[in-house]
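The structure under discussion appears below in the form of structure tokens.
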Amino acid sequence: MVKELIVKFSYALEASKSYHRIKRKIYQILEDQNYKNKKYFDIFMIFLVISTVASMLYTVNHKPHFIMTMIENIAIGIFILEWFLRLWVNGNMHNKIIKAHSQAKLIQLDFKLRVVIWHIFKEKLDFIFSPMSIIDILAILPYYRPLRILRIFMLFRLFKVLRYTNSISQLGTIFIERKFDFLTLLILFVFVVFVGSSVLYVYEGHDTNDKIGNFFDAIYWAVITVTTVGYGDISPVTQEGRVATIFLVISGFIVLAFGNAIITSAMLQKLESIKENNSLKTLSKLKDFHVICGFSKSARILCRELKTINEPFIIIDKLPPTELKLQEDELGYKFIHGEASSHRLIEQIFFKNKVKSLIAMSNNDAVNTSILLNAKSIKPHLELISIVNVSKNEPKLRLAGATKTIMINNLSAYVCAGYIRHPIAFEAVERLLVEDRRLVIDTIDMEDISFKEVIRILDMNFKKFKIILIGISNGNDFRFNPQRETSLLKNDVLIVVGYESSIKEFRLYLHRFGGKK
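For the sequence shown, the working numbering begins at 1 and goes up steadily by one.
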């Protein structure tokens, strides 16, 4: 009977939208570092922790005030509630019951609820005995203090701050990530201390030195010497002891140098990772943005064009962070420091972000191919655009997943911007070129043609020569499908589609008649 009720209740929870919505919201507030409102909860909890610890320190020599007692009671209530909520959102008990019940029903076996409950209990125990959970429990204990000595546990609340400050907690993970290095350092340190303390105790431990009464005194002296602190409260009095001190000081420098190198390199790597994560978090504010891989000359022009038409974008480049910061401040673009061909970085950018397209703009086609392959494997249906530096590499880029390839030239960035703005029109032109192989894309430089007066597009005889005007470039701008009333300037370059013979005749016509009807 009880078993059936538990199973029915589990299915009811699974079917409840309100239950899932509430649990997801609580999980986001407590655990999801990417949730935008989590920072307010973290700030409130940090304030609560610091205020209760400050209150405890005040009551060491003062009588506790009524307000302090009230704040302490409220804080304890919030800490207890928070701990139980974390226990609740850690795993889904009803899912495990449903899964086990479905499997038992499928193979027509008796559903053993006790086995499932035991697995759930073990999962909850893992959470209860996790380091941060133990800190939470110790932070609650002072409220139930029958003895004054238990008040020291209140200081454990300061460790709770690590839970609410993601950057500090991430720095703490370096000891886990570099555990082999730190274990090697610890073994070396213990070995040096043990050898040094043993030598000193052998030569000065038998009433030779009244400061060394036992082996622990020798260990204390060795630790102080190796760490080069040198309090001077214990000093060797024999020649052998002084020689041991010299070797111990030299060994101490080596151990400290080794330890300093490990900690410094680990912290620098972690700080770079934290900066990268913080940069990636800001992407959640963008919607339908473009990812530009590489900050080449063409990419700079493309960024300017995208900014003009208010298309959001980010740039991935491996330039030094200081240089990227200067570019970010000067141009107002959003940069992400990293290798654009990195699968992990691309995956982090795509995760929970609405990416509209990825544009590979490296000067190396091999790098562009790697970028496209990574992006394609993560988001198969994403719009992928690539610059082609060498024409023979275009099939490889297409094979890597590029939905659009653009040959590198002075106009490639403008063409790319035009494609982003009018993808359907560009596809139509491309299909036209594929269907009729005699059609070509060409440019007409207006600087080579002399005009006595201002000429507009509608004054040109494009229709007569069966030529289509795609756009106009003047070196700083690209206008796709310009209006008929647009006036042409001396530095304009016309991008047209037509038969090669027609374009040749059109050029002669312009030189002969100045473009007039």
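The beta carbon of each residue, even a glycine, is placed where N, CA and C say it ideally should be. Computed from a prediction, not measured in an experiment: that's the story for all the values here.
- Non-local C-beta neighbours of K96 in its own chain, meaning closer than 7 Å and more than five positions away in sequence, comprise V116, H119, I120, ordered along the chain.
- Counting only runs of at least 4 residues, the segment 333-393 fully encloses the following alpha helix (DSSP H) elements, listed from N- to C-terminal order: 343-350, 365-378.
- Annotated three-state conformation of S16 is coil, per DSSP.
- Taking the Cα of K112 as reference, the smallest distance to any Cα among V223, I6, D126, V193 is reached at I6.
- By the C-beta criterion, the segment 317-336 is judged not to be in contact with the segment 352-364, since fewer than 3 inter-stretch pairs fall below 8 Å.
- Straight-line measurement puts the Cα of P321 at about 9 Å from the Cα of E272.
- Just so you know, the alpha carbons of N481 and E447 end up roughly 20 Å apart.
- By the 16-neighbour rule on beta-carbons within 10 angstroms, F289 is buried.
- In the structure shown, V229 adopts coil according to DSSP, grouped into three states.
- Rounded to the nearest whole angstrom, the C-alpha separation of S386 and I346 is 16 Å.
- Here the alpha carbon of F462 sits roughly 19 Å from the alpha carbon of K490.
- Residue pairing by DSSP places L510 opposite no residue, since no beta bridge is assigned to it.
- With fewer than 16 other beta carbons inside 10 angstroms of its own, R344 counts as exposed.
- Of all alpha-carbon atoms in A244, V243, D217, F247, the one lying nearest the alpha-carbon of D233 is that of D217.
- Sequence-distant partners of A75 (beyond 5 residues in either direction) whose C-beta falls short of 6 Å from its own C-beta, in its chain, are L48, T52.
- For H119, the three-state secondary structure derived from DSSP is helix.
- Secondary structure within the segment 439-498: the beta strand (DSSP E) runs of 3 or more consecutive residues, fully enclosed, are 439-445, 468-473, 478-480 (chain order).
- Boundaries for F111: no alpha helix (DSSP H) harbours it, and the DSSP string shows neither H nor E there.
- Here M407 is bridged, per DSSP, to V388.
- In the DSSP assignment, V291 falls within the beta strand (DSSP E) that extends over 289-293.
- Comparing C-alpha distances from L286 to each of F189, K356, N474 shows the shortest one belongs to K356.
- With contacts defined by Cβ atoms closer than 8 Å, N90 and F127 form a contacting pair.
- A residue is called buried when at least 16 other Cβ atoms come within 10 angstroms of its Cβ; R178 meets this threshold and is buried.
- In this chain, the alpha helix (DSSP H) harbouring I71 covers 66-89.
- With a 10 Å radius around the Cβ and a threshold of 16 neighbouring Cβ atoms, F66 comes out exposed.
- The beta-bridge partner set that DSSP reports for I315 consists of I292, F335.
- Within a 10 Å sphere around the beta-carbon of Q483 sit fewer than 16 other beta-carbons, which makes this residue exposed.
- When rounded, the separation of the alpha-carbon atoms in A54 and I46 is 12 Å.
- Approximately 10 Å separates the beta-carbon atoms of I224 and V193; this is outside 8 Å, ruling out the contact.
- Distance from the Cα of K39 is smallest, within the candidate group T165, N73, K8, for T165.
- Around K211, the same chain offers I234 as residues with beta carbons nearer than 6 Å, after the five sequence neighbours per side are excluded.
- If you draw a straight line from the Cα of I406 to the Cα of Y11, it comes to about 54 Å.
- For E485, the closest of M460, E123, V388 by C-alpha to C-alpha distance is M460.
- For I316, the closest alpha carbon among the candidates V226, D442, S296 is that of S296.
- Selection Y509, L372, E311 evaluated against L397 yields L372 as nearest (Cα-Cα).
- In this structure, the CA atom of F84 is about 28 Å from the CA atom of L57.
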